[in-house]
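Beneath this line is the structure, given in structure tokens, with notes to follow.
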Amino acid sequence: MNISDQDKEILRKLGRRIQTISEDPVNQERIKRWTAVNDLKRVRPPVHIMKSETPWTEMDVNDELKLRCQDDFFKGIENTLRRKIYVWDHMQADEVIEGIIDCPLAVTDTGFGITEDVDTVNTDPNNPVISRHFNIQIKDEKDIKKIKKPEVTHDKKLSDRRYAMLQEIFDGIIPVRQTGIKLTSISQWDFVIRLTGIEEILMDMYTRPDYVHVLLDTLTKAYLHRYDQYEKMGLLSLNNDSSRTGGGLNYTSCLPKPGLVHKPAVRKDMWGRTMAQIFSSVSPEMHSEFAIKYELMFLKDFGISYYGCCEPMHRKIGILKQIPNLRKISMSPWVDHAEGAAAIGMDYAYSLKPNPAIFAEDVWNPEKARMDLRDALEKTKGCPVEVVMKDISTVKYEPQRLWDWARIAVEEAGRVS
């Protein structure tokens, strides 16, 4: 790998800014706040905007997000750093910037032997959010054989070359670390519906339950095979830091477990997460039988876990209690906050997800955003609470909407601290 003088200077300049930001004492204050919530303590609810679900194509101001590196690998590093700096400059909320550059390991695998066959429609060519129609590929038990266990490969030479190059680039500016797999979130059902069709598989739960059980068991064991290899090959990295596993930042004092620190990391020292978004209208009993039964096979290996995404969970807290290491529950825009808070209490952290549809309205209404947040936070103040804005499809090319929301959310969280 070679880097041009131009690319090197671009990255060094960004590295200097990240290092300077990381030295701001507010980062340590925010780490304490995230740690407290994840340790099930009531504090001022921390606020997070998910960078991975922000419409970045609509967010640029003064070319702050314009990528200037030529090499694709270095362009990826540049993109990560520019987005962190943008968040800090415009919509911090409770973002934490760590003084380190992550160099990801070169890890690949063979996949599940089958991928989605999809037709797409894009109403905005500049926005990656698209509508999709999935073509059915699994219809019965014989089709389940199409699912294979992924075989993981680590190109150590490439990992080491990248690491050495980044160390050279950022020498004297900011530390670099090799970083393995931190993403420990899976959703068997998100993948299943891409292969079976949504209405079809939901009907199959009633008419062909044995077939559905075989399908879920097969796919879950494929996921487990992937993570077993990650751990055996030493490819995992701790995620109890500014990483996130479904909700806000993952800081906690209970990971890794005292006396159980492993190098490299193992799942028992990490957060894990599962979800079943398609089960919004499925009964608690069927949710337990067809989702949690298989999710437990994955979650049991982790130190603590996070459950859920967009599915409304306020009337399903009872079935989640069978997850012994559960720490935090996603409470989507479609929950009854009062009912959910009463069921959760202090047993779990309440991951409050406001409705992102407010950003898609023709006219931005910050006062409505404020009142919505105030109402939700008032109803949940008896729980350890975090506020996470996600699934932001559009801000109508007015990035200031999200900037306003970040400020308002922190102000409203302060009212209930």
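Its first residue numbered 232, the sequence shown is counted upward by one per residue in this note's numbering.
Cβ coordinates follow ideal geometry from the N, Cα and C atoms, glycine included.
query, result
"Could you tell me the boundaries of the alpha helix (DSSP H) in which D635 lies?", "Q631 to R646"
"Using a beta-carbon distance below 9 Å, is L296 in contact with chain B?", "Absent from the structure is chain B; it holds one protein chain and no more."
"Return the residue from the list F521, L608 and K621 that minimises the CA-CA distance to S648.", "L608"
"Would you give the residue range spanned by the alpha helix (DSSP H) that L527 belongs to?", "K524 to L530"
"Please classify S511: does DSSP put it in a helix, a strand, or coil?", "coil"
"Going by CA-CA distance only, name the one from Q368, T625 and S536 that's closest to Q553.", "S536"
"Take the Cβ of Y437 as the centre, count every other Cβ of all protein chains shown within 10 Å, and call the residue buried at 16 or more, exposed below.", "exposed"
"Quick one: is P276 buried, meaning 16 or more other Cβ sit within 10 Å of its Cβ, or exposed?", "buried"
"Compute the beta-carbon to beta-carbon distance between I432 and V423, rounded to the nearest angstrom, for a pair I have assumed lies under 8 Å.", "6 Å"
"If you check the beta carbons only, do K610 and H568 fall under 9 Å apart?", "yes"
"Quick one: residues in its chain with C-beta nearer than 6 Å to the C-beta of M506, no 5 flanking neighbours on either side, listed in chain order?", "S418, G539 and C540"
"Below 6 Å CB to CB, which residues in the same chain sit around R299 once its five sequence neighbours on both sides are set aside?", "I241"
"Give every residue of the same chain whose Cβ lies closer than 6 Å to the Cβ of E254, excluding the five residues on either side of it in the sequence, and list them in chain order.", "none"
"Taking only runs of the alpha helix (DSSP H) that begin and end inside the segment 563-641, which ones reach a length of at least 4 residues, in chain order?", "568-575 and 597-610"
"When the Cα of I328 is compared with those of Q368, K297, G477 and Y482, which residue comes out closest?", "Y482"
"What would DSSP say about F305, mapped onto helix, strand or coil?", "helix"
"Q631 to R248, Cα distance in whole Å?", "23 Å"
"Determine the burial state of W636: buried for a count of at least 16 other Cβ atoms within 10 Å of its Cβ, exposed for fewer.", "buried"
"Report the rounded CA-to-CA distance for V497 versus S473, giving the unit in angstroms.", "18 Å"
"DSSP state of Q323, grouped into three classes?", "coil"
"Report, in whole angstroms, the separation of the C-beta atoms of V641 and L633, which I expect to be a contact under 8 Å.", "Actually they do not touch by this definition, with Cβ atoms about 13 Å apart."
"Under a three-way DSSP split, which group does R275 fall into?", "coil"
"Run through DSSP, which three-state label would H545 get?", "coil"
"I need the DSSP call for Q553, collapsed to helix, strand or coil.", "coil"
"For I252 and M322, what's the separation of their Cα atoms in angstroms?", "14 Å"
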